[in-house]
Amino acid sequence: MPELPEVETVRRSLEPFLKGVAIRTVAIREPRLRRPVADNFAELLTGRTIAKLGRRGKYLYLYLDDGNIWLIHLGMTGQLLVEESAGELLPHDHVLVFLGNGRRLRYNDPRRFGLMTIGTAAEIDEVTALGVEPLGRAFTSRYLWEKTRGTRRTIKDVLMDQRVVAGIGNIYASELLFRAGVQPSRIATTLTPAAVERLVEATKAVLREAIRHRGSSISDYRDGEGKRGGFQDRFRVYDREGQPCSKCQSRIRREIRGGRSAFFCPRCQR
DNA sequence: CGCACCCCCTGCCGGC
DNA sequence: TGCCGGCAGGGGGTGC
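So in the working numbering, spot 165 of the first sequence is number 176, and the numbers just go up one at a time.
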């Protein structure tokens, strides 16, 4: 579920409740996430204060007052919610963190594809192994040009490779490719410099617009206060197979590769 | 090295 | 109504 815009929205919505706040107690109800939550997880967290909240790609970085980082990935169905401490528990509430301000942070994740770990900056970087931030200065047409040379991969695969650029998932890959006028199945190395430039511009524009609309809620994505996003109402191609293209009225198509659907307009995208 | 394929896990939806 | 297959925003491993 959550790609960069959703994780950024979660970060912003949690910040007022978590920044500068102490961690009182931690309860692990189900440690079996993508990787098991470590035995010393609660011990490393208890008594710490959250200095600030950051984000890299689809990962949340919670900086602790002892220099460690609490890393959280939401997988497909993960939710982080701040609530009153006495709230009722639900199925798939795997981790509870009780805070010094009387609130509770609840991690719910039905599919358990999420990840939660604590480590030094170097250890965390090794876990995430991320490329540049798409909204940062380092993501330029020159950078993407170099990453698309001499490969047989499709442009969608390159854009979704977190080691190249961090945070683009299946929704925003389809949306930005539409905006740039490039077919998902296009072999990356055949792109012209102009097309690469359009892709970088489209990436930044789509991600910024999605953040402005607080992300996309298809089924279960919610921000830190349980609120839905609004960008799903602005999809141009994603999940719109058979519907008319907003520019040319051609039918939007869906193609599957690597088990993932790509949505595109066969006329507007080349 | 790239890539096709499978896996992890639960829930939902459509077809029969 | 119930069952079954397909599919879902994530990442990772394997064998070719």
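All C-beta atoms in this analysis are idealised placements derived from N, C-alpha and C, irrespective of residue type, glycine included. These figures come from a predicted structure and were not determined experimentally.
Paired residues, beta bridge with Ile179 - DSSP: BP columns for Ile179 are empty, so no partner.
Are at least three pairs of beta-carbons, each pair with one atom in the segment 116 to 136 and one in the segment 156 to 175, less than 8 Å apart? no
Just reading off the beta strand (DSSP E) that Gly116 is part of, what are its end residues? Reading off the sequence shown, one finds Leu at residue 116, where the question assumed Gly. From DSSP, the beta strand (DSSP E) with Leu116 extends over 114 to 119.
How far does the beta strand (DSSP E) with Ala38 in it extend, from its first residue to its last? 34 to 39
Are Phe109 and Arg117 closer than 7 Å when you measure CB to CB? no
Rounded C-beta distance between Val106 and Ile39? I'm assuming under 8 Å. 6 Å
Ranges of the beta strand (DSSP E) found wholly within the segment 118 to 165, counting only runs of at least 3: 126 to 130
Span of the alpha helix (DSSP H), counted from its first residue to its last, around Val18: Looking at the DSSP string, the run of the alpha helix (DSSP H) that includes Val18 is 15 to 29.
Using DSSP bridges, identify the partner residues of Arg66. Answer is Leu71.
Determine the DSSP secondary structure at Arg209, reduced to helix, strand or coil. helix
Bridge-paired residues (DSSP) for Glu94: Per DSSP, Arg115.
Do Pro27 and Leu85 count as a contact pair if the criterion is CB distance below 7 Å? no
Going by DSSP in three states, Pro47 sits in which element: helix, strand or coil? strand
Under 7 Å, do Leu234 and Ser96 count as touching if we go by C-beta distance? Contrary to the premise, residue 234 reads as Asp rather than Leu in this sequence. Against a cut-off of 7 Å, the Cβ pair of Ser96 and Asp234 comes out as no contact.
Terminal residues of the continuous beta strand (DSSP E) containing Leu82? 80 to 84
Measuring alpha carbon to alpha carbon, tell me which of Ala33, Gly78, Pro145 ends up nearest Leu218. Pro145
Per the DSSP calculation, Ile4 is bridged to which residue(s)? Lying outside 12 to 281, the shown extent of the chain, residue 4 is not represented and no answer is given.
Please classify Asp168 as buried or exposed, where buried requires at least 16 neighbouring CB atoms within 10 angstroms. Buried, since its Cβ has 16 or more Cβ neighbours within 10 Å.
Of the residues Trp81, Arg46, Pro255, Tyr70, which one's Cα is nearest the Cα of Thr20? Tyr70
Just the Cα atoms here: how many angstroms apart are Gly78 and Leu56? 12 Å
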